Amino acid sequence: MVLTTDSARARTVGRQALDMYFNLANYRNNWKRLGFTDDEVSRPGSDRLVDAVVAYGTPDAIAARLNEHLLAGADHVPIQVLTEDDNLVSALTELAKPLRLT
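Residue numbering for the sequence shown follows the numbering used here, starting at 24 and increasing by one per position.
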């Protein structure tokens, strides 16, 4: 997840994080099973793929997106915060309230 409302910035950061997965057939095949095309799962990845895989926006918007997984039946939802190391704690702190972790 990327804590920004700037979709271009979020997609840039998201693509950097997803880059290594484009070489892994198991990830590409899974994305294709989910309805993405060969072009979408090839570098650099389509906007549609990045938007589906990387949650971004306000803390409330990201929390809502994560909660969608729980409502769909997930019993846990791991997240990876995509940010500069010096911003990690502040990003997690901002997410804690809408996720009701404080």
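Note that CB positions come from ideal geometry on N, CA and C, so glycine has one too.
Computed from a predicted structure; not experimentally measured.
G96 counts as exposed, since fewer than 16 other C-beta atoms from the protein chains shown sit within 10 angstroms of its C-beta.
Counting only residues of its own chain and dropping the five nearest sequence neighbours on each side, A119 has a CB closer than 7 Å to the CB of T125. C-alpha of S113 to C-alpha of N49: approximately 33 Å in a straight line. A contact is defined here as three or more CB-CB pairs under 8 Å, and the segment 67-75 fails this definition with respect to the segment 83-100.
Taking the CA atoms as reference points, N46 sits about 26 Å from L26. Between P67 and L122, the alpha-carbon positions lie close to 31 Å from each other.
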